[in-house]
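Only one structure is covered here, and it is reproduced in the block below.
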Amino acid sequence: MELRILRYFLMVVQEQNISRASERLHISQPTVSRQLKDLEDELGITLFERGSRTIQLTEEGQYLADQARQILALTDKTLDNIHKEKDISGSVYIGSAESKMIITVAQSIHHLREIHPNILVNMISTDAINIKQKLENGVYDFGIVMEPFDKTDYDFVKLPGESSWGILTLNSSPLAKKEYITLSDLEHLNLIISQQNGVRNLHQIFGLENENIHVAATYNLLYNASLMVSAGVGDALTLDGIINTNQSDLTFIPLKPRVTAGSTLIRLKGQRLSKAAQAIWDQVKSDI
490 MELRILRYFL MVVQEQNISR ASERLHISQP TVSRQLKDLE DELGITLFER GSRTIQLTEE
550 GQYLADQARQ ILALTDKTLD NIHKEKDISG SVYIGSAESK MIITVAQSIH HLREIHPNIL
610 VNMISTDAIN IKQKLENGVY DFGIVMEPFD KTDYDFVKLP GESSWGILTL NSSPLAKKEY
670 ITLSDLEHLN LIISQQNGVR NLHQIFGLEN ENIHVAATYN LLYNASLMVS AGVGDALTLD
730 GIINTNQSDL TFIPLKPRVT AGSTLIRLKG QRLSKAAQAI WDQVKSDI
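Start counting the sequence shown at 490; every next residue gets the next number (our numbering).
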């Protein structure tokens with residue numbers, strides 16, 4: 490598989506139409522069609538469902554599209570970091586949990602870019618599962634994860650500060666009148682919980698028994714969870730300082746006794762970093 494053909498394939502997937510894709514690529518439509526047919530023959534699979542008005546991927550086609558995005562992202566990052574000027578430049582990818590402690594890393598990036606403005610930082614909001622996978626695949630240079638997290642295979646820098654656990658609820662809810670909620674209160678709610686933590690970790694973090702927990706939904710990013718709270722699906726169990734509740738229909742109520750979580754910047758042990766990534770790592774450590 491040539492990288493050029495993978496780019497053709499992803500453009501067709503994006504446009505869902507070979508004619509539009511060929512226009513974007515500045516290549517004739519027959520050329521694009523032939524290259525995709527050759528790719529199918531080479532792989533021995535069918536990438537697209539024929540006969541529909543718009544391009545639809547088969548299951549194998551969807552898998553290839555997901556992998557091709559990672560392959561090309563890693564390729565582009567590598568080329569960007571190789572073709573750098575004498576000044577430190579290049580792309581750095583950071584997968585990050587939602588956390589107000591990211592401000593420390595953001596400030597370090599700002600300080601570094603004042604000296605080396607050609608460093609491009611790509612911050613991707615995601616969860617610990619994705620961060621771990623993309624670090625191992627070399628797609629991410631760093632991850633920012635919430636504790637607890639098994640750091641056996643990682644070098645890490647603990648970020649200053651901590652967040653408090655609580656409930657994101659509707660202003661019209663009876664909970665909104667409380668200064669705090671207790672762990673026993675949680676057992677009577679329809680909870681929207683993080684996919685990362687899951688029900689199995691609620692006992693570890695809060696001491697809650699699984700059979701007493703009523704999960705209405707799970708979330709990856711808290712913004713989506715906040716929309717589910719607004720729609721009345723349930724109350725989101727989350728950390729403070731992520732969603733701005735000012736002038737909204739939501740409010741955050743902390744837990745009592747207080748339960749907190751810290752966050753950590755991690756990198757794979759033994760991983761060779763680009764100069765740009767190494768500069769960010771050194772800057773964060775120096776600032777802290």
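By construction, the Cβ of each residue, glycine as well, lies at the ideal position given by its N, Cα and C atoms.
Beta-carbon spacing of R756, F631 below 8 Å:
yes
How is the beta strand (DSSP E) around G550 delimited, first residue to last?
Per DSSP, G550 belongs to no beta strand (DSSP E); it is in the alpha helix (DSSP H), 548-571.
Output the distance between the C-alpha atoms of L561 and L601, rounded to the nearest integer angstrom.
27 Å
Excluding the 5 residues preceding and the 5 following D776 in the sequence, name in chain order all residues of the same chain whose CB lies nearer than 8 Å to its CB.
Correct list, in chain order: T593, Q596, S597, H600.
Apart from the five residues just before and just after N679, which ones in its own chain have a Cβ nearer than 6 Å to its Cβ?
Excluding positions up to five away in sequence, the list reads H703, A705, G723.
Helix, strand or coil at N523 according to DSSP, with G and I counted as helix:
Note that residue 523 corresponds to Arg in the displayed sequence, not to Asn. In the structure shown, R523 sits in a helix (DSSP, three-state: H, G or I).
Residue of N570, S517, P519, L532 minimising C-alpha distance to L495
It is L532 whose Cα lies nearest to the Cα of L495.
Please list the terminal residues of the continuous beta strand (DSSP E) segment that includes F645.
643-647
Rounded straight-line distance, which links the Cα of L648 to that of A750
11 Å
Distance, D738 Cα to F537 Cα
44 Å
Rounded straight-line distance, which links the Cα of P519 to that of E491
18 Å
Going by DSSP in three states, R756 sits in which element: helix, strand or coil?
strand
Kindly provide the ranges of any beta strand (DSSP E) runs that are 3 or more residues long and lie completely inside the segment 626-672, ordered along the chain.
DSSP assignment within the segment 626-672 yields the following whole beta strand (DSSP E) runs of 3 residues or more, N-terminal first: 631-635, 643-647, 652-659.
Sequence-distant residues of the same chain with beta carbon closer than 7 Å to I564, five excluded per side:
Residue 564 is actually Thr in this sequence, not Ile. So the list reads L492, once near-sequence residues are dropped.
Name the DSSP beta bridge partners of H703, please?
N679
What three-state label does DSSP hand I777 in the structure shown?
Taken through DSSP and simplified to helix, strand or coil, I777 comes out as coil.
If distances are taken between C-alpha atoms only, which option among M500, G759, K623 comes closest to D642?
G759
From K458 to D639, what distance separates their C-alpha atoms?
Residue 458 is absent from the model: the chain starts at 490 and stops at 777.
Under the three-state reduction of DSSP, which class applies to Y497: helix, strand or coil?
helix
Taking 8 Å as the limit between beta carbons, can you name the residues of its chain near V688, skipping five residues before and five after?
Any reading at V688 must be qualified, since the residue scores a pLDDT of 47, below 50, and its modelled position is unreliable; the value itself is stated next. Closer than 8 Å at the Cβ level, and outside the excluded window around V688, lie I682, N699, I702, V704.
Taking the alpha-carbon positions, what's the N660 to A586 distance?
26 Å
Can you tell me whether S652 is buried or exposed, with buried defined as 16 or more other CB within 10 angstroms of its CB?
buried
Mind checking D771: buried by the 16 CB within 10 Å criterion, or exposed?
Only exposed fits D771, as fewer than 16 other CB atoms lie within 10 angstroms of its CB.
Among all the DSSP beta bridges, which residues are the ones paired with E538?
Q545
Suppose the cutoff is 7 Å on Cβ atoms and the five residues either side in sequence are ignored; what does the same chain contact list for G730 look like?
K589, S652
Candidates A554, N506, G721, I591: closest to V773 by CA position
Closest in alpha carbon position to V773, among A554, N506, G721, I591, is I591.
Nearest-angstrom Cβ-Cβ length linking L499 and A554, presumed shorter than 8 Å:
6 Å
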